[in-house]
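S.K.: Count along the sequence shown starting at 1, add 26, and that's the number in our numbering.
Idealized CB from N, CA, C, for every residue including glycine.
In this text the structure is predicted, and so the values were computed from the model without any measurement.
Please find one structure pasted underneath; my questions will follow.
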Amino acid sequence: MPDSTIPDSPLPGLYIVATPIGNLGDIGVRAAATLASADLIAAEDTRVTAKLLAHLGLRVPMTPYHDHSDERTRAALVARMASEVVVLVSDAGTPLISDPGYKLVRDARAAGRHVTTLPGPCAAIAAITLSGLPSDRFLFAGFLPNKAKARADTIAEFAGLRASLVLYESGPRLAAALAALAEGLGNREAAVAREITKLYEECVTGPLADLAARYEQAPPKGEIVIVVGPPGEAAAEEADDAMLDAALRDAMADKPVAQAAKAVAKRFGRDRHAIYARALALKGQA
27 MPDSTIPDSP
37 LPGLYIVATP
47 IGNLGDIGVR
57 AAATLASADL
67 IAAEDTRVTA
77 KLLAHLGLRV
87 PMTPYHDHSD
97 ERTRAALVAR
107 MASEVVVLVS
117 DAGTPLISDP
127 GYKLVRDARA
137 AGRHVTTLPG
147 PCAAIAAITL
157 SGLPSDRFLF
167 AGFLPNKAKA
177 RADTIAEFAG
187 LRASLVLYES
197 GPRLAAALAA
207 LAEGLGNREA
217 AVAREITKLY
227 EECVTGPLAD
237 LAARYEQAPP
247 KGEIVIVVGP
257 PGEAAAEEAD
267 DAMLDAALRD
277 AMADKPVAQA
287 AKAVAKRFGR
297 DRHAIYARAL
307 ALKGQA
């Protein structure tokens, strides 16, 4: 059976504590006890964490730790871990998931500090359980880039991966992200989960193109997770070199090399840059 013992006095060191992603009732007993025992809480936004502490009836010193925290800030925190309990939290969910906490963990380990984690809520995991899409193998990809070309290049890296994809997104960018995913991956089944564990929680499923159209005129509010299903057998058709070359020649008959390579890479679930290089080689032989 799991060990349910909670030490009265935690050892000095770094404690990575997952916090609720919406519903404050999801705070764990061990997480609450560790927050109460902390000498210092390193928080992504102290104003957000203050609300959780107020809910728990706690008053604990806090200091900001976020994307813009520098090496001196990390060094000061690591120094305090030698004799104090330092708790790392993000605004919501599990720290280090799409935030800079790994640098603090890395430095704490390098200094020989005690490091432990208190698992709990995570929006990416919650969304894939809601989606109804395959969850036996998935990739968490964080946020897609803002710029269209960088976003398309990033999506192309995932095209041939036989796994579900999990991404974070904001409401104003959602429709464009879904459209780009449909363009780069094909019209796969997907889910948009938002406001998970909150009053207006919803999970909308359907093909990527349909979801893009749904949200184009009405961008949703709240925290959003996109889950995209893996490629089907037809979308990731296996091909030997001869089949790839034949497909490229057919595509290049009426398309520029770059467009032909993109189409063939998408069809066979291959890396677009490798297929483009193969297309150039074939073009040179003509």
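#1: At the level of alpha carbons, what is the spacing between Arg304 and Val290?
#2: DSSP three-state call for Val74: helix, strand or coil?
#3: Among all the DSSP beta bridges, which residues are the ones paired with Ile67?
#4: Should Lys77 be labelled buried (16 or more other beta-carbon atoms within 10 Å of its own) or exposed?
#5: If Val192 and Val251 are in contact, beta carbons under 8 Å, what's the gap, nearest whole angstrom?
#6: Report yes or no: do the region 78-98 and the region 182-189 share at least 3 C-beta pairs separated by less than 8 Å?
#7: Pull up the distance between the alpha-carbon of Pro126 and that of Asp133, whole angstroms please.
#8: Which residue wins for smallest C-alpha separation from Gly51, given the options Arg275, Lys247, Asp117 and Pro147?
#9: How many whole angstroms separate the CB atoms of Ala68 and Val131, which I take to be in contact at a CB cut-off of 8 Å?
#10: According to DSSP, what are the bridge partners of Glu228?
#11: What are the complete beta strand (DSSP E) segments, minimum 3 residues, inside the region 145-180?
#12: Apart from the five residues on each side of it in sequence, which residues of its chain come closer than 7 Å, Cβ to Cβ, to Val141?
#13: Three-state secondary structure (DSSP) at Thr142?
#14: Taking its Cβ as the centre, do 16 or more other Cβ atoms sit within 10 Å of Gly119, making it buried, or is it exposed?
#15: Do three or more CB pairs link the region 155-171 to the region 214-221 at distances below 8 Å?
#16: What residue range is occupied by the uninterrupted alpha helix (DSSP H) comprising Gly314?
#17: How many Å lie between Lys129 and Arg296 at the Cα?
#18: Start and end of the beta strand (DSSP E) containing Leu40?
#19: Quick check: Glu227 and Gly54, are their CB atoms within less than 9 Å of each other?
#20: Would Ser95 be called buried (16 or more neighbouring beta carbons within 10 Å of its own) or exposed?
#21: Roughly how far, in whole angstroms, is the beta-carbon of Glu249 from the beta-carbon of Arg220, given that I think they are within contact range, below 8 Å?
#22: What are the residues that DSSP puts in a beta bridge with Gly119?
#23: Between the C-alpha atoms of Lys175 and Ala203, what's the straight-line distance to the nearest angstrom?
#24: Might you give, ordered along the chain, the residues of its own chain that have their beta carbon closer than 6 Å to the beta carbon of Ala287, omitting 5 neighbours on each side?
#25: May I ask which residues mark the beginning and end of the alpha helix (DSSP H) holding Glu195?
#26: In angstroms with no decimal places, state the Cα-to-Cα distance between Leu225 and Thr75.
#27: Once you ignore the five residues that flank Ser35 on each side, which residues in its own chain have a CB closer than 6 Å to its CB?
#28: Which whole-angstrom value is the C-beta distance of Phe169 and Ser124, which I expect to be below 8 Å?
#29: Taking just the CA atoms, how far does Thr60 sit from Leu22?
#30: Helix, strand or coil for Ile252? Go by DSSP, reduced to three states.
#31: Going by the CB atoms, is the gap between Ile222 and Pro121 shorter than 9 Å?
M.R.: In terms of the structure at hand:
#1: 11 Å
#2: helix
#3: Met88 and Val113
#4: exposed
#5: 7 Å
#6: no
#7: Approximately 12 Å, taken between the alpha carbons.
#8: Pro147
#9: Not really, about 11 Å apart at Cβ, beyond 8 Å.
#10: Arg220, per the DSSP bridge assignment.
#11: 164-169
#12: The residues are Gly39, Leu40, Val131, Ala134 and Arg135.
#13: strand
#14: By the neighbour-count definition (other C-beta atoms within 10 Å, threshold 16), Gly119 is a buried residue.
#15: Contact between the region 155-171 and the region 214-221 is present: three or more C-beta pairs spanning the two stretches fall below 8 Å.
#16: One cannot answer for residue 314 here, as it falls past the ends of the chain, which runs 27 to 312.
#17: 33 Å
#18: Gly39 to Val43
#19: no
#20: buried
#21: The distance from the Cβ of Glu249 to that of Arg220 is about 6 Å, consistent with a contact at the 8 Å cut-off.
#22: Thr45
#23: 12 Å
#24: Ile301, Tyr302 and Ala305
#25: In the DSSP assignment, Glu195 falls outside any alpha helix (DSSP H) and within the unbroken beta strand (DSSP E) covering Ser190 to Glu195.
#26: Distance between the alpha carbons of Leu225 and Thr75: 20 Å.
#27: None.
#28: 7 Å
#29: Since the first and last residues shown for the chain are 27 and 312, residue 22 lies out of range.
#30: strand
#31: no
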